[in-house]
Amino acid sequence: MARGHPEMSSTSERKIRVVVAKPGLDGHDRGAKIIARALRDAGMEVIYTGLHQTPEQIVETVIQEDADAVGLSILSGAHMTLVPRIVELLHAQEVDDVVVTVGGTIPADDIPELKQLGVSEVFTPGAPTQDIIDFIRGAVRSD
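Just so we're aligned, residue 1 is where the sequence shown starts under the UniProt record's numbering, counting upward by one.
Take a look at the structure:
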């Protein structure tokens, strides 16, 4: 089910679609909401899933919304369980063209393993929102 977007001229370029998701039981979404607003203010179309989403719900949203990118916000410490499951489900659905980013309290030692799994970038607390915007624009446009 490889997805593609019709080529458009630069004057009518389609907005980048980003799903911002809070997987697992983490109940803190202030950072996710700040990122969602920053991406929206930068001209992207943002779908925020809300709290307590299962990996299956997140992947279903990515597919239904025909997203270009998904940003996973995890503060609970469950990133090494949740992220591999989400990446696995995306691959199982043959959704291999979505840029996966992770943000939150991610120990530096876990970042290389997350990237090896297919995560494009990891943003830790304090990352400038402009860096996140620029990364997503660059990663989606070069896709």
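Glycine residues also receive a C-beta, built at the ideal position from the N, C-alpha and C atoms.
Computed from a predicted structure; not experimentally measured.
Cα-Cα separation, residue i to residue j
i, j, result
"T49", "P23", "9 Å"
"D68", "V98", "5 Å"
"V19", "I111", "21 Å"
"R85", "I63", "16 Å"
"S10", "S73", "Note that S10 scores 44 on pLDDT, short of 50, meaning its location in the model is unreliable and no value can be drawn from it."
"Q130", "E60", "28 Å"
"A107", "G126", "Inspection of the sequence shows that residue 107 is occupied by Pro rather than by Ala. Rounded to the nearest angstrom, the two C-alpha atoms are 14 Å apart."
"V46", "M80", "25 Å"
"D41", "Q57", "26 Å"
Per DSSP, the bridge partner or partners of residue i
i, result
"E121", "T101"
"R30", "Paired residue(s): none; R30 is not in a bridge."
"R14", "For R14, which the question treats as bridged, DSSP gives no partner whatsoever."
"Q53", "P23"
"I47", "V19"
Beta-carbon contacts of residue i that lie in its chain and below 7 Å, excluding the five residues immediately before and after
i, result
"V83", "L72, V102, L114, L117 and V119"
"H5", "For H5, the pLDDT reaches just 48, beneath the cut-off of 50, and the residue's location in the model is therefore unreliable, leaving the point undetermined."
"residue 179", "Outside the displayed range of the chain (1 to 143) lies residue 179, so it cannot be described from this structure."
Sequence-distant residues of the same chain with beta carbon closer than 8 Å to residue i, five excluded per side
i, result
"G77", "T105"
"L51", "K22, D26, G27 and D29"
Sequence-distant residues of the same chain with beta carbon closer than 6 Å to residue i, five excluded per side
i, result
"A136", "Looking at the sequence shown, residue 136 is not Ala but Ile. The answer, listed in chain order, is A69."
"Y123", "Residue identity check: residue 123 is Phe in the sequence provided, not Tyr. For F123, where only same-chain residues beyond five positions count, the Cβ hits under 6 Å are G103 and I132."
"A139", "V99 and S120"
"I16", "M44, D68 and V140"
"S142", "none"
"A32", "V20, K22 and S73"
Could you tell me whether the stretch 25-42 touches the stretch 85-93, using the rule of 3 or more Cβ pairs below 8 Å? The answer is no - the stretch 85-93 does not touch the stretch 25-42, with fewer than three Cβ pairs under 8 Å.
Whole runs of the alpha helix (DSSP H) within the stretch 57-99, excluding any shorter than 4 residues: Whole alpha helix (DSSP H) segments, 4+ residues: 79-92.
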